[in-house]
Each structure stands twice: as structure tokens, then as C-alpha cells.
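Asker: Please find one structure pasted underneath; my questions will follow.
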Amino acid sequence: MKISTLFASTLRDVPADAEVVSHQLLLRAGYIRRITSGVYSYLPLMWRTLQKISTIVREEMNRANAQELLMPILQPRELWESSGRWSVYGDELMRLKDRHQRDFCLAPTGEEVITQLAQIEVKSYRQLPLNLYQVSNKYRDERRPRFGLLRGREFIMKDAYSFHASQACLDREYDVMAEAYTAIFNRCGVKTKMVASDSGAIGGAVSHEFMMLTGYQAEAQQSGENDVVHCETSGYAANSEKATSIPQPLAVDGAEPFSQYNGATKVETPYTDSIEKLCKKLKCSAEVICKTLLYVKDDTDFIAVLMRGDYDVEETKLKNTLGALTLRMATEDELTRLYETKKGFVGYYEALCLGETVDLTSVQGKEGTPVSLLVDKTVVPMKNFVIANMEAHVHWVNANWASNCCQTEGITVADVRTVKAGDLCVESNQPLSITRGIEVGNIFQLGTKYSESMQASYTAEDGTEQPFVMGCYGIGVSRVAAAAVERYHDANGIIWPTAIAPYQVIIVPANVKDETQWALANQLYAELKTVLGDDVLLDDRDERAGVKFKDADLMGFPLRITVGKLAGEGKVEAKLRASKDLIILDANEVSTQVKTLLAEWDALSWEPPVV
RNA sequence: CGGGAAGUGGCGCAGCUUGGUAGCGCAUCUGCUUUGGGAGCAGAGGGUCGCAGGUUCGAAUCCUGUCUUCCCGACCA
16 MKISTLFAST
26 LRDVPADAEV
36 VSHQLLLRAG
46 YIRRITSGVY
56 SYLPLMWRTL
66 QKISTIVREE
76 MNRANAQELL
86 MPILQPRELW
96 ESSGRWSVYG
106 DELMRLKDRH
116 QRDFCLAPTG
126 EEVITQLAQI
136 EVKSYRQLPL
146 NLYQVSNKYR
156 DERRPRFGLL
166 RGREFIMKDA
176 YSFHASQACL
186 DREYDVMAEA
196 YTAIFNRCGV
206 KTKMVASDSG
216 AIGGAVSHEF
226 MMLTGYQAEA
236 QQSGENDVVH
246 CETSGYAANS
256 EKATSIPQPL
266 AVDGAEPFSQ
276 YNGATKVETP
286 YTDSIEKLCK
296 KLKCSAEVIC
306 KTLLYVKDDT
316 DFIAVLMRGD
326 YDVEETKLKN
336 TLGALTLRMA
346 TEDELTRLYE
356 TKKGFVGYYE
366 ALCLGETVDL
376 TSVQGKEGTP
386 VSLLVDKTVV
396 PMKNFVIANM
406 EAHVHWVNAN
416 WASNCCQTEG
426 ITVADVRTVK
436 AGDLCVESNQ
446 PLSITRGIEV
456 GNIFQLGTKY
466 SESMQASYTA
476 EDGTEQPFVM
486 GCYGIGVSRV
496 AAAAVERYHD
506 ANGIIWPTAI
516 APYQVIIVPA
526 NVKDETQWAL
536 ANQLYAELKT
546 VLGDDVLLDD
556 RDERAGVKFK
566 DADLMGFPLR
576 ITVGKLAGEG
586 KVEAKLRASK
596 DLIILDANEV
606 STQVKTLLAE
616 WDALSWEPPV
626 V
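So for the first sequence, our numbering puts the first residue at 16; every next one is plus one.
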């Protein structure tokens with residue numbers, strides 16, 4: 016390919032609406048253009064990169080005995096009703112109507128279609144196991160598309176679905192997919208960590224995500240939307256939405272700071288509507304405070320969550336514990352309606368700490384509105400702590416649980432707290448660290464969730480009808496590309512891992528009007544095409560050398576061959592994008608050296624400069 | 001969904017307060033010079049100032065509505 020005819024133009028200025036590095040660079044280097052919020056055209060350079068990623072994905076999936084097919088993006092409402100997800104998926108489902116006012120959606124994922132397909136086609140256990148996949152556009156009406164290709168409303172995803180006659184068989188496939196994924200991301204040059212994750216709206220039990228960690232950057236520049244909790248010693252790794260830990264072993268006995276009070280005492284704490292203010296007022300640390308947060312489940316049920324003051328509630332964990340579809344904090348209006356109290360003073364001192372036994376009737380709100388209690392595990396061992404009692408501007412200190420408190424029926428004890436860096440690993444008892452990450456793939460054990468709701472079954476060996484045991488496996492193809500740019504770039508532009516660079520080599524004649532340089536550049540171009548196929552670019556533009564160097568750096572090709580002043584002596588310069596060094600080569604050894612040079616650029620060991 | 005900001009040639013911006021026939025840089029095109037890290041000079045083309053209504057002799061500018069885009073939030077009692 017000659018650059019003069021390549022459909023790509025570079026921008027000097029950063030478009031004002033691009034926030035993250037990958038978005039900026041892909042725009043500036045002429046890879047993508049936005050059509051509307053969260054929707055992009057992939058220009059030829061981008062498309063080549065995406066195809067290279069897809070090819071790697073296909074090769075590894077095929078190697079794992081999965082079969083590629085292609086399912087429709089446009090899907091009817093009825094199909095989604097049959098799985099129950101037409102309503103469950105919520106606003107993220109991109110919905111539309113046809114001319115007869117029939118409802119359709121654009122596929123955000125493919126369980127419904129594939130399960131129906133299996134139901135029709137697979138009749139016997141003899142046809143199992145089966146793993147089917149596709150690479151196609153997916154649609155999610157994100158509440159806030161952002162970060163360019165990292166979170167768009169339209170994106171390219173590889174989604175695979177496996178069908179099994181037993182859990183054991185699914186377990187084996189799950190491991191096979193985990194291996195395939197590791198191979199895929201390694202080949203793409205994207206360093207990932209497999210972490211335990213929450214299964215979210217797709218449902219099911221066991222699931223893992225493949226996270227590209229971005230923690231190599233200075234704190235303020237860490238990109239990615241997920242926090243990954245991990246332990247160096249045990250190898251434990253989990254999304255913060257799923258992670259558990261041993262809480263920091265701080266003194267949770269408030270006897271010390273409150274020694275001036277004799278037993279449980281009511282203390283004036285005006286306007287302490289945050290833990291921070293309360294600590295300041297009482298001159299104590301947060302871990303001796305028991306805070307109470309009021310949540311609303313599915314917009315109807317009230318749940319009070321008791322949490323140690325220095326920890327936050329992990330809402331995903333809470334949601335799963337409660338089996339809630341939606342969850343939100345109660346509004347201040349609701350607090351007033353239920354208890355006539357203010358933010359900062361929600362608490363059940365009287366019900367839980369006064370006397371020997373708890374009185375759950377007094378936990379109810381006005382007019383007997385039921386409120387269920389959920390106690391985080393960290394709260395149980397607390398002694399002589401601070402707790403509110405619905406009375407504004409007052410807290411109780413030196414409070415202690417009634418003796419049967421956490422065993423009382425109607426009080427649930429569960430782990431719903433957000434892991435903090437420095438908490439201890441449940442496996443190794445060593446401190447955990449937290450790093451930002453970009454999710455580029457995930458694997459789920461769906462079990463029989465979809466096969467049961469959609470009544471997809473096969474005839475088992477014993478003649479009975481059994482629902483399929485299913486797994487599903489996704490890779491965000493377009494997100495992998497953006498994530499790679501997020502990881503591999505410098506001040507001058509993109510630095511593609513060789514495997515997914517749109518072109519491996521760019522030949523730059525410094526001055527196209529110099530006949531010697533021009534002739535040699537063209538000769539090398541022809542030679543390299545025989546070695547690399549169409550993976551070589553010739554910058555044949557009549558531009559100054561500086562312009563061409565800048566563009567080559569911005570676009571991020573791994574190897575640049577400059578045909579310049581040494582052309583007369585039959586010599587050229589080779590430069591790896593990720594390196595500062597120039598290598599002088601004899602022109603006649605270029606085609607034999609190119610692959611060696613490219614192999615030198617090993618993306619997995621490259622560390623970007625800390626800016 | 002809540003809050004904030006912004007829409008002016010392809011990209012980045014100024015002009016708006018105090019209405020008077022639209023400008024700068026980059027990019028594009030032509031010519032000359034230049035030619036190893038985003039060149040210089042001279043010239044050219046390209047915009048119904050997001051859209052709709054209103055005020056006015058006159059609106060990019062003032063008013064109303066609307067659409068779009070971006071940012072922050074939607075997690076702490």
C-alpha cells in the first residue's frame with residue numbers, strides 16, 4: 016500500500032471531545048471517526064487492526080474446536096420475552112419497532128438466539144458438547160458512552176456459547192476457553208490477568224474476566240473502569256464487585272477513645288452528616304463507628320445495611336445477596352417519611368443495643384413499613400462503638416449489641432463491603448493491592464439458566480429430557496484494539512504490538528525527488544511485499560522527511576525503514592517504533608533482516624515511559 | 001436520569017458583554033523557494049455561525065423553544 020492512496024489523514028490538534036489517550040490517538044492517527052455518540056466508523060487502518068485481532072481470535076477458537084457461525088443482530092421481542100430478558104435487560108437494550116409496530120431489539124449479546132437454535136437443532140446427548148461462536152457488532156444503549164472505543168454503543172464482540180450434557184463437561188470446556196483466551200491476548204500483545212468476577216445481568220454462577228491492568232501508570236492517569244483486587248503471594252485476583260478479603264485488623268473496640276463515658280452514653284453530635292465529620296466531632300477513628308445505610312430494593316423494599324464506618328458498601332455484592340434487580344439508596348425524603356430522621360442519624364441503637372434482646376418491631380418505619388436488616392460481617396465483632404438512633408444531631412457511644420443480636424431471625428449477616436487496598440488476602444493472609452483494569456474478555460458458566468427459561472433440552476443417555484448445561488465466552492474485539500493503544504503509546508503516538516499493527520513496516524524515502532532514494536525505496540517495497548505480503552507501506556508522498564516521520568510515529572507501525580542520504584552507498588536505516596536506536600543496514604539484507612527486527616519488539620516486555 | 005459546559009469552513013479556536021454584511025491557526029488547492037523530526041513566501045477555495053421561532057430597520061451576537069455533543073455525578077447516612 017502506498018500512503019498517497021491510503022484513506023487516512025492525520026490531525027495535529029486533538030479533537031475537543033476526546034478524553035482518553037486511545038480515543039485521541041485513534042482519531043488523530045486517522046483510524047476512526049465518530050458518527051454519533053458512542054458510534055464510530057473504522058477507517059482502513061483500524062479495520063486492518065480489527066481484522067488481525069479477529070483472525071487471532073478465530074484461529075484460537077477454531078483450535079479449541081469451536082465452530083464459527085453468524086447470527087442476526089436484529090432480534091424479535093418474543094425471543095427476549097422467552098428468556099425473561101426483554102424486561103430484565105432494562106434501558107441498555109437498544110429497542111426499535113418495525114412498520115407494523117412490532118418490537119425488536121439490536122443484539123447486545125446472543126444467548127437467546129443460540130439457545131433457540133440449539134433447542135431446534137440439538138436433540139441428543141450424542142450431539143454434545145458443542146461450542147459455537149461469532150464475531151459481530153453488538154449494541155448496548157449505554158447510559159453514558161465514553162472513552163471512545165472503550166465504551167461505545169456499537170462495538171465488535173466475539174461471543175461463544177457452549178452446550179453440555181453435564182456440569183463436569185462444562186467445567187472442562189471452561190478451562191479450555193480460559194486457555195484459549197490467554198493465548199489470544201498473549202498473541203495480541205495485551206497483558207491480561209484472569210480475575211474472578213460478578214456475573215451481572217447475564218446470570219449464572221462461576222465467571223471470570225480478563226483484565227488488562229493499567230496500573231503501570233501514575234495513579235492519576237490510570238484508565239479503565241474496573242478495580243482489580245489481587246494478591247502477589249497467592250495469585251488471588253478478583254473484580255472489586257466480587258472480591259472478598261479479611262478486613263484490616265484495626266481496633267474495633269471503642270473502649271479507648273470513649274473511656275471518659277461511663278457505659279452507653281448519648282452524645283450531642285450536631286450536623287454530623289458524614290462519617291468524617293462524626294470522627295472529628297467524637298475524636299475517634301471510623302472503624303469504631305457502625306453506620307447504617309438505607310437501600311431500596313426493586314423500588315419497593317427497604318433494606319438497612321449496617322457497615323463498619325471505615326468501609327463502603329459494594330453495591331453489586333449487596334444486590335446479589337438480596338437477589339435484587341435494581342438497588343438504590345433511599346432518598347432523604349424517604350428517610351424523613353420512614354423515620355422522621357436526617358441523613359447521618361440513621362441507626363437502630365434502641366432496637367439492637369438496648370437491653371438483652373433485640374426488638375425488631377421497632378425497626379419498622381412509620382405505619383409499619385417493613386424494613387429488613389442486613390449486617391455486614393465486619394460489624395459483628397464490634398464493641399463499645401458509635402451508633403445513631405434516628406434522633407437528629409445525636410449519636411450513642413460505647414454501644415454494644417444485645418447478646419442475641421446477630422443470631423436473631425430476620426437479621427442477615429453477609430459480606431457486602433468493598434475491599435480496600437491493604438485488606439488481607441483470604442488465601443495467603445498477605446496485603447491485597449488494587450489496580451485499575453480494562454475488561455477485554457470474560458467467561459461465564461451459565462448452567463441451565465437459559466435452557467430452562469427457554470425450555471431448550473436434549474434427550475439424555477437414559478432417555479430423559481434434560482436442559483442444556485451452558486457456558487458463554489466473550490471478547491471485545493474493538494475494545495482490545497483500544498486497550499492496546501491505551502497501554503502502548505508514547506508522546507509521539509501509538510506503538511502497536513506487531514501482531515495487531517495494521518502494517519508491520521513502513522518504508523520512508525526521505526526525499527522522493529532524489530532518484531537514488533526513490534528507486535531504492537521502491538525496490539525494497541517490492542522485496543518486502545514478497546516477504547510480508549501486503550503488510551508493508553510505502554510513504555511515497557512528496558512531503559518533508561519530518562512530516563513523514565511524525566505520521567509514521569503517530570500511526571504506530573512497528574518498524575520504519577528510512578531510505579535517505581546513505582542510499583547512494585546502498586545503505587538504509589531501520590528503526591523500531593518502541594526504540595530510539597537507528598540500525599544501519601545494507602539494502603540487500605533488509606528483506607532477510609526484517610522478521611528478526613520485528614521479533615525483537617516484544618510487546619509483552621515493553622514498559623511505557625511514565626509521563 | 002440529575003448537575004455543568006459547549007455547538008461558528010475538515011480539526012482547534014476568537015468574535016457575542018456594548019446587534020451593523022464572519023475572522024485566526026492548522027488542513028486543502030496553485031506557484032516559487034526549501035528538503036532528516038509537523039518549512040517559508042505569495043495567492044486561492046471552502047461557513048444560510050446546530051435547528052426553529054421571536055425582538056429589531058438590521059441578529060453569530062438579545063429572548064424563547066428544541067436538537068446534538070462533551071464533562072461530572074448517579075456509592076456512603
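All residues carry an ideal CB built from backbone N, CA and C; glycine is no exception.
Considering only C-alpha positions, which residue in the set 148, 514, 386 and 280 is nearest to residue 349?
Answerer: With distances taken between Cα atoms, residue 349 lies closest to 386.
Asker: Compute the Euclidean distance between the alpha carbons of residue 356 and residue 406, then round it to the nearest angstrom.
Answerer: Going from the Cα of residue 356 to the Cα of residue 406 covers about 6 Å.
Asker: Is the Cβ-Cβ distance between residue 574 and residue 612 less than 8 Å?
Answerer: Closer than 8 Å, so yes.
Asker: Taking the alpha-carbon positions, what's the residue 109 to residue 170 distance?
Answerer: Each residue's alpha carbon lies about 13 Å from the other.
Asker: Is the beta carbon of residue 60 closer than 8 Å to that of residue 23?
Answerer: Contact: yes.
Asker: Please classify residue 135: does DSSP put it in a helix, a strand, or coil?
Answerer: In the structure shown, residue 135 sits in a helix (DSSP, three-state: H, G or I).
Asker: List the whole-angstrom C-beta distance separating residue 222 from residue 458, where the pair is believed to meet the contact cut-off of C-beta under 8 Å.
Answerer: Sure, about 7 Å apart at Cβ, within 8 Å.
Asker: Note down, in chain order, each residue of its chain lying with its Cβ closer than 8 Å to the Cβ of residue 234, except the 5 sequence neighbours on either side.
Answerer: Any reading at residue 234 must be qualified, since the residue scores a pLDDT of 48, below 50, and its modelled position is unreliable; the value itself is stated next. Excluding sequence neighbours, residue 234 sits near nothing in its chain.
Asker: Run through the DSSP bridge pairs and tell me what residue 318 is partnered with.
Answerer: Residue 318 pairs with 310 and 387.
Asker: Between the C-alpha atoms of residue 565 and residue 507, what's the straight-line distance to the nearest angstrom?
Answerer: Looking at the two C-alpha atoms, the distance is approximately 7 Å.
Asker: Look at the Cβ atom of residue 199, then the Cβ atom of residue 75, and state whether they are nearer than 8 Å.
Answerer: Yes.
Asker: Mind checking which residues open and close the beta strand (DSSP E) that includes residue 629?
Answerer: With the chain represented from 16 up to 626, any question about residue 629 goes unanswered, as that position is not in the structure.
Asker: Which same chain residues end up closer than 7 Å to residue 366 when comparing Cβ atoms and leaving out the 5 residues on each side of it in sequence?
Answerer: Counting only Cβ-Cβ distances below 7 Å, and skipping sequence neighbours, we find 373, 374, 375, 377 and 378.
Asker: Tell me whether residue 396 is buried or exposed, calling it buried when 16 or more other Cβ atoms sit within 10 Å of its Cβ.
Answerer: Its Cβ having fewer than 16 others within 10 Å, residue 396 is exposed.
Asker: Express the C-alpha separation of residue 33 and residue 226 in angstroms, rounding to a whole number.
Answerer: Approximately 23 Å between the Cα atoms of the pair.
Asker: Assign residue 163 to one of three DSSP states: helix, strand, or coil.
Answerer: In the structure shown, residue 163 sits in a helix (DSSP, three-state: H, G or I).
Asker: Could you pull out every unbroken alpha helix (DSSP H) segment of at least 4 residues lying fully inside the region 441-508, listed in chain order?
Answerer: Counting only runs of 4 or more, we get 464-468 and 492-502.
Asker: In three-state terms, what does DSSP make of residue 609?
Answerer: Helix.
Asker: Restricting to Cα atoms, I'd like to know which of 277, 144, 208 and 155 is closest to residue 183.
Answerer: Cα-wise, what sits closest to residue 183 is 144.
Asker: Given that a residue counts as buried once 16 or more other Cβ atoms are within 10 Å of its Cβ, and exposed if not, what is residue 297?
Answerer: Counting Cβ neighbours within 10 Å, residue 297 comes out buried, since at least 16 surround it.
Asker: Measuring only the C-alpha atoms, how far is residue 16 from residue 38?
Answerer: Rounded to the nearest angstrom, the two C-alpha atoms are 25 Å apart.
Asker: Tell me, which residues are paired with residue 261 by DSSP?
Answerer: Note: residue 261 sits in a beta bridge opposite 439.
Asker: Going by DSSP, name the residue or residues bridged to residue 90.
Answerer: For residue 90, which the question treats as bridged, DSSP gives the partners 120.
Asker: I'd like the list of long-range same chain contacts for residue 67, defined as Cβ closer than 6 Å, with 5 residues on each side in sequence excluded.
Answerer: Answer for residue 67: 515, listed in chain order.
Asker: Considering only residues of the same chain and omitting the five flanking positions on each side of residue 48, which have a CB-CB separation below 8 Å?
Answerer: Closer than 8 Å at the Cβ level, and outside the excluded window around residue 48, lie 42, 55, 56 and 58.
Asker: Spatial neighbours of residue 409 within its chain, please: CB distance less than 8 Å, with the 5 preceding and 5 following residues excluded, ordered by chain position.
Answerer: For residue 409, where only same-chain residues beyond five positions count, the Cβ hits under 8 Å are 281, 282, 283, 284, 360 and 403.
Asker: Say yes only if the C-beta of residue 272 is nearer than 7 Å to one or more non-hydrogen atoms of the ligand NAP, and no if none qualify.
Answerer: Because no ligand of any kind appears in the structure shown, any question about the ligand NAP cannot be addressed here.
Asker: What residue from 168, 63, 102 and 224 has the CA that sits closest to residue 460's CA?
Answerer: For residue 460, the nearest C-alpha among the options comes from 224.
Asker: Considering residue 49, what are the terminal residues of the beta strand (DSSP E) in which it resides?
Answerer: Unbroken beta strand (DSSP E) run through residue 49: 47-51.
Asker: Check each candidate in 156, 620 and 177 and name the one with the smallest Cα separation from residue 81.
Answerer: When only C-alpha atoms are compared, the closest one is 177.
Asker: Report buried or exposed for residue 111, applying the criterion of at least 16 other Cβ atoms within 10 angstroms of its Cβ.
Answerer: Residue 111 is exposed by the Cβ-count criterion.
Asker: For residue 616, which option in 140, 562, 580 and 512 has the closest C-alpha, if you only look at C-alpha atoms?
Answerer: When each option's Cα is compared against that of residue 616, the closest is 512.
Asker: Might you give, ordered along the chain, the residues of its own chain that have their beta carbon closer than 6 Å to the beta carbon of residue 253, omitting 5 neighbours on each side?
Answerer: Result list for residue 253: 210, 211 and 244, in chain order.
Asker: Give me the Cα-Cα distance between residue 323 and residue 332, rounded to the nearest whole angstrom.
Answerer: Taking the straight line joining both Cα atoms gives about 16 Å.
Asker: Should residue 319 be labelled buried (16 or more other beta-carbon atoms within 10 Å of its own) or exposed?
Answerer: With 16 or more Cβ atoms within 10 Å of its Cβ, residue 319 is classed as buried.
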